[in-house]
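Structure record follows, encoded as structure tokens.
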Amino acid sequence: MTTATLIFLNRQGETMFKIFVDSDKKRPLKAEQLSSLSQRFGAV
Numbered sequence: 082m083t084t085a086t087l088i089f090l091n092r093q094g095e096t097m098f099k100i101f102v103d104s105d106k107k108r109p110l111k112a113e114q115l116s117s118l119s120q121r122f123g124a125v
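The sequence shown lines up with residues 82 to 125 when you count with the working numbering.
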């Protein structure tokens with residue numbers, strides 16, 4: 082199963098919050114969300 086998550090950490094290395102890419106009913110990740118994350122954060 083493929084996943085994509087953006088995790089924000091505080092200075093102590095603790096998770097502050099997470100953003101998950103959604104999948105459709107057939108399970109593939111939604112391409113528009115992957116593209117948006119890639120454009121904004123340079124990863125994926």
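Positions of the beta carbon are idealized from the N, C-alpha and C atoms, including for glycine. Keep in mind the model is a prediction, meaning the values are calculated, not measured.
Measuring C-alpha to C-alpha distances from Asp103 to each of Phe122, Ser117, Gly123 and Thr96 identifies Ser117 as the nearest. The continuous stretches of beta strand (DSSP E) do not include Leu115, which lies in the alpha helix (DSSP H) extending over residues Ala112 to Phe122. For Lys99, the uninterrupted beta strand (DSSP E) segment begins and ends at Thr96 to Phe101.
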